[in-house]
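Novice: Provided herewith is a single structure, encoded as structure tokens, for subsequent inquiry.
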Amino acid sequence: AVITALSIAGLPTNAFVYEGFPPQKKGRQKFLYGLASEERTIVLYESTYRIHKLLDELNKYMPERIIVICRELTKMFEEVLRGKAANLISRIGEKELKGEIVVVISPLNWIEKEIIDN
């Protein structure tokens, strides 16, 4: 799921770090604060029960980063949501997400370039 998420996220893939699941409680804030200075694309797994909390935390620590939520990759109900944390929070709202979730976060200081089709 990690490589599939990276391939569809539209973020740099030349250097990335896979962090697994963030800590549930102890050390979670320190972990996320540490990721805020990461200069590579970040890939995490998160449970459906904590995805809303994670987005709130990413909005606090990395409000300008592009975040891609990939759910149920390669399955019938595959879904990919992309935007800054605040945008994703409003798009998801209180909706309960189900299934496997991979979160991909843009590198520090990465600027999305608009693709111009000639």
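In the numbering used here, each residue's number is its place in the sequence shown (first place is 1) plus 2. Cβ coordinates follow ideal geometry from the N, Cα and C atoms, glycine included.
Looking only at C-alpha atoms, which of Leu57, Ile5, Glu48 and Pro14 sits nearest to Ser108?
Specialist: Nearest option by C-alpha distance: Pro14.
Novice: With Tyr63 and Ala38 assumed to form a contact (beta carbons below 8 Å), what rounded beta-carbon distance in angstroms separates them?
Specialist: Indeed they touch by this definition, with Cβ atoms about 5 Å apart.
Novice: Within 10 angstroms of the Cβ of Arg73, are there 16 or more other Cβ atoms? Answer buried if so, exposed if not.
Specialist: That one is buried.
Novice: Any idea which residues DSSP pairs Val19 with across the strands?
Specialist: Val19 pairs with Ile44.
Novice: If you draw a straight line from the C-alpha of Pro24 to the C-alpha of Glu81, how long is it?
Specialist: Cα-Cα distance, rounded: 21 Å.
Novice: Does the beta-carbon of Ile113 have 16 or more other beta-carbons within 10 angstroms, so that it is buried, or is it exposed?
Specialist: That one is exposed.
Novice: CA-CA distance, Lys32 and Asn111?
Specialist: Rounded to the nearest angstrom, the two C-alpha atoms are 20 Å apart.
Novice: Note down, in chain order, each residue of its chain lying with its Cβ closer than 8 Å to the Cβ of Val4, except the 5 sequence neighbours on either side.
Specialist: Cβ within range, chain order: Tyr20, Val45 and Val104.
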